[in-house]
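To start, the structure itself, in structure tokens.
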Amino acid sequence: MKTAITPTRSENFSEWYQNLIVAADLAENAPVRGCMTVKPYGWAIWELMRDEMDKRIKAAGVQNANFPLLIPIEFFNKEAEHVAGFAKEAAVVTHYRLKMIDGKLQPDPESKLTEPYIIRPTSETIIGEAMSRWVQSYRDLPLKLNQWVNVMRWEMRPRMFLRTSEFNWQEGHNVFATHDEANEDARKMHKVYGDYMRDVLAIPCIMGEKTPEERFAGADHTYTIEQIMQDGKALQAGTSHDLGQHFAKSFGIQYLGTDGKLTHAWTTSWGTSTRMMGGLFMTHSDDDGLVLPPVVAPYQVVIIPITRGDENIDAMNEFTTNLESQLRDRGIRVLTDNSDMRAPDKMWKWIKRGVPLRVEIGGREIETGTVTMTRRDLGKSSRETVSVADFGETVAAKLDTMQHDMFAVAAERNKTMIHNVKDLAELESALSKGTIGFFRIKYTETQNDRFDALIEKYKISRRCLDDSDPSFVFVAKSY
RNA sequence: CGGGGCGUAGCUCAGUCUGGUAGAGUGCUUGCUUUGGGAGCAAGAUGUCGUAGGUUCGAAUCCUGUCGCCCCGACCA
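Remember, the numbering used here sits 526 above the position in the first sequence when you count from 1.
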């Protein structure tokens, strides 16, 4: 059978993924190394994802703000572990103007900055500096801030959406009076992320704490959301950190308590990025292209008029206008594709872009007052004809069902991707046989040289501890 | 940053070994016939052969430099 994307997932997953991005018109590689240009269709998906996440962040009592793109190097120096984590991938701004030298525009040597700036890879430091001034008294706490910005990390091996040198994200930074509150907050935002993945992106996740080996540079605890891709690899889709007092001490974030004593505060930070889009695409899509859960589909329904040139265009327009308004009244995003492409080409275009429901309208439907529709996730076999009178209600119900079905299908697949292994021997045996997915093993089994050798040999890593029993750890290959 | 591969039409690539006026498929444009899961025929347009230099009567082709991309490592929120 001919598929819209070649190679197929089973033939070559990573090439399939790259071709998917092109076929669905999501993004392209930018002229700047490691960076991508997100195209309108891709960005429309991001906007829906972002708006939904923003709503949930605000519901958690967080306010949005905006901090500078450039961070003084000295700020990075203040937290030793943090510097070590990001120094190797920092882009540095050293000059502030250009000059024509030998017919070429070059940084003007005269404009060299005495103190260079780093383009933010994350903003703990510059926000920490602000917090040290904003937090004076216990009355200023808790302080909860978030920003939606782009950041830059000089990646050696970029992959669209999954790892790009520049990416967009939200980073939340909260301050509390006590460690208990801070830790509770880190866990709370972790849960916000997990709920979001399930309800909005229809992606089942493994949620848990990072082991000390894998936690964020400068954190006491890192809580992660790990997704399982169709090829069994892990994707870290969001993290929430309990930063202890590290940044508070480095930046002097202190408050005067009711006891009249000056105490260092406790901070958290938590982020999700455009990487989530990569996870969304890799989780649900198939060999014919993108499959989007209705909640984040720019067009939830596309109406495709099938014309032969001999029908009454006015009747057709009247018919589709009625259908559109039925959907708009229910807040459903709909597009009628009146472009002059041939009908089969339109079909494939919207299949590749993952539109949840395709509606076909031709002379047959107009005559009988019916509508024919097909679900993207189930394909041709789900083609069904309903009466115009029930259209809006049927569509709303189908979109809702589809959102849940997509989660269920992914959850079912995840089950087959998680393997319990009792010791290293069993783990190695599975890996050597090419078993894909996550392996659940006693954490203590991974505390030795033999496990380190397996990491080296099979490119695996500890993804996170099992939330239901933290003496177990999940191990997998990752993106 | 190491190892390998590749830069030729919008896209995928042939042509390079063996130097001699730039090619195919697809897409695009136009027309007719078509149209319910990727239509057919016909006509047409499209290039600084990544880039800079060298060798040569002559370079996509040979030589040197350089830039970029992909894959595999190393590195990594």
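A virtual CB, placed ideally from N, CA and C, is assigned to each residue, including glycine.
Owing to the predicted nature of the structure, the values given are computational and were not obtained by experimental measurement.
{"query": "Is the beta carbon of Phe965 closer than 8 Å to that of Leu953?", "result": "yes"}
{"query": "Hey, Ala616 and Ile652: beta-carbon distance below 8 Å or not?", "result": "no"}
{"query": "Here's a check: name, in chain order, each residue in its chain whose Cβ is nearer than 7 Å to the Cβ of Val609, leaving out the five neighbours to either side.", "result": "Phe602, Asn603"}
{"query": "Buried or exposed: where does Tyr622 fall if 16 or more other Cβ atoms within 10 Å of its Cβ makes it buried?", "result": "exposed"}
{"query": "Please say whether Gln756 and Arg535 have beta carbons closer to each other than 8 Å?", "result": "yes"}
{"query": "In the DSSP assignment, find the unbroken alpha helix (DSSP H) run with Trp680 in it and report its ends.", "result": "Looking at the DSSP string, Trp680 is not in any alpha helix (DSSP H), and its letter there is neither H nor E."}
{"query": "DSSP state of Gly880, grouped into three classes?", "result": "coil"}
{"query": "Whose CA, out of Thr896, Ile829, Phe773, lies closest to the CA of Glu607?", "result": "Phe773"}
{"query": "Hey, how far is the Cα of Asp785 from the Cα of Ala703?", "result": "13 Å"}
{"query": "I'd like to know whether the C-beta atoms of Arg884 and Val828 end up nearer to each other than 8 Å.", "result": "yes"}
{"query": "For Asp949, which residues from the same chain have a beta carbon less than 7 Å from its beta carbon, with the 5 sequence-adjacent residues on both sides left out?", "result": "Glu971"}
{"query": "Looking only at its chain, what residues have a beta carbon closer than 8 Å to the beta carbon of Thr846, apart from the 5 residues adjacent to it on each side?", "result": "Ile829, Pro831, Thr862, Ile887"}
{"query": "By a C-beta neighbour count over all protein chains shown, 10 Å radius and 16 as the cutoff for buried, is Lys983 buried or exposed?", "result": "exposed"}
{"query": "Assuming contact is defined by CB atoms lying nearer than 8 Å, are Thr737 and Tyr969 in contact in what I supplied?", "result": "yes"}
{"query": "Suppose only complete runs of 4+ residues qualify. What are the alpha helix (DSSP H) ranges in the stretch 766 to 823, listed by chain order?", "result": "772 to 777, 801 to 810"}
{"query": "Please confirm if the stretch 703 to 723 is in contact with the stretch 685 to 694, defined as three or more CB-CB distances below 8 Å between the two stretches.", "result": "no"}
{"query": "Measuring alpha carbon to alpha carbon, tell me which residue in Trp695, Ile599, Thr640 is nearest Glu655.", "result": "Ile599"}
{"query": "Classify Arg689 as helix, strand or coil using the three-state DSSP reduction.", "result": "strand"}
{"query": "Hey, would you say Thr748 sits closer than 8 Å to Gly797, going by beta carbons?", "result": "no"}
{"query": "In whole angstroms, give me the CA-to-CA distance for Gln673 and Asp666.", "result": "19 Å"}
{"query": "When we look at the beta-carbon of Gln696 and count the other beta-carbons within 10 Å, is it buried (16 or more) or exposed?", "result": "buried"}
{"query": "Whose CA, out of Gly758, Lys759, Trp792, lies closest to the CA of Leu669?", "result": "Trp792"}
{"query": "Specify, as a first and last residue, the run of the beta strand (DSSP E) that Arg966 falls within.", "result": "964 to 968"}
{"query": "For Ile839, count the other beta carbons within 10 Å of its own beta carbon; 16 or more makes it buried, fewer makes it exposed. Which is it?", "result": "exposed"}
{"query": "Between the C-alpha atoms of Thr942 and Asn974, what's the straight-line distance to the nearest angstrom?", "result": "28 Å"}
{"query": "Within the continuous alpha helix (DSSP H) that includes Pro566, where are the two ends?", "result": "566 to 585"}
{"query": "What's the gap between the Cα of Ala936 and the Cα of Ser811?", "result": "11 Å"}
{"query": "Just tell me which of Gly895, Lys878, Ser865, Gly857 has its CA closest to the CA of Thr833.", "result": "Ser865"}
{"query": "Please determine, among Ser1004, Tyr1005, Arg988, the residue with the shortest C-alpha to C-alpha distance to Phe998.", "result": "Arg988"}
{"query": "Just confirm the distance between the C-beta atoms of Thr898 and Thr911, as a whole number of angstroms; I'd bet it's less than 8 Å.", "result": "5 Å"}
{"query": "Does the Cβ-Cβ distance between Ser663 and Tyr781 come in under 8 Å?", "result": "yes"}
{"query": "Buried or exposed, going by whether 16 or more other CB atoms sit within 10 Å of the CB of Arg683?", "result": "exposed"}
{"query": "Rank Ala550, Gln544, Thr794, Ser958 by C-alpha distance to the C-alpha of Trp569 and give the top, closest one.", "result": "Ala550"}
{"query": "Counting C-beta neighbours from all protein chains within 10 Å, is the total for Leu904 16 or more, i.e. buried, or is it exposed?", "result": "exposed"}
{"query": "What runs of the beta strand (DSSP E), each 3 residues or longer, lie entirely inside the stretch 637 to 681?", "result": "638 to 645, 669 to 678"}
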